[in-house]
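Using my numbering, you'd call the opening residue of the sequence shown number 64 and step up by one each time.
Just so you know, even glycine gets a beta-carbon here, dropped at the ideal spot from N, CA and C.
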Amino acid sequence: MLVSKDENRAWFLHDDRKFYQSVHVVYDRQINILHPLMDLLGGKVIDTTNLKPIVFNVMESRRATLEYLLKWDFLHNSTSTFMGNKKAIRVLDEVAKGEFQALPAEIRMHNGTVINDYYVINVTTRKEMMNKEKSILRPEEERESWDIYEKCFYDKNCLGESEIAIDNSKIILGSENLRRAVREAKLAGLEFNESWGGICFIE
């Protein structure tokens, strides 16, 4: 059941921190034509006319097994975007239809096994959501063009009518509706956080 507009607050989305840090699902920069930052986190629709599956390579390690990877509905990877299986995409589509693209992925295991069960989630709704008036700037001598804030604040209602969106800082936020749908479906691999790495919500 969808919550009311007033209750449909935003959450910071992040990969599940329980995912083993020794398991690496790495974006193949030599094969893929899309840029992981400019394209996959660009907040825009990608032309899929001639797009081949996006390739990721799984680095060999004791814990990097097929069984381990397939237990995750949202699969941690080396990019800052998310990857989801068909079940995850179906839930996303029910809540946030038209606000993302599901781009086919090809995950290549170190032993030659290929997994075709996942999709890169390209969030296509882009908004300026940070509250710049209340965010804290770094001292002028410490600022970079891409990093001028010491602490970033977001309003809980910053998503507006959206269920999932990305802002100009490449931060992806999801709604309370999405959080409830993910929990009800018991999907593994995606966190909904109050704060993350120096960013947090204000009332």
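Taking C-alpha positions only, Leu129 is separated from Gly175 by approximately 11 Å. In the DSSP assignment, Cys263 is bridged to Phe216 and Ser258. C-alpha of Lys249 to C-alpha of Asn140: approximately 20 Å in a straight line. Comparing alpha-carbon positions, the option among Lys197, Val158 and Ala251 lying closest to Glu224 turns out to be Val158. Judged by DSSP secondary structure, Ala244 falls within the alpha helix (DSSP H) whose first and last residues are Glu239 to Glu247. The residue among Ile94, Lys160 and Ser232 with its C-alpha nearest the C-alpha of Met101 is Ser232.
Residues of the same chain with a CB within less than 6 Å of the CB of Ala127, apart from the 5 flanking positions on each side, are Val86 and Val121 in chain order. Closest in C-alpha terms to Asp180, from the list Leu253, Arg72 and Ile117, comes Ile117.
Here Arg171 carries a strand assignment [DSSP, helix/strand/coil].
Positions of the alpha helix (DSSP H) runs, each at least 4 residues long and wholly inside the segment 88-149, are given as 129-133 in order along the chain.
In this structure, DSSP gives Val154 a helical state, which the three-state scheme calls helix.
Between the beta-carbon of Ile178 and that of Leu155 there is about 19 Å, and that puts the pair past the 8 Å contact cut.
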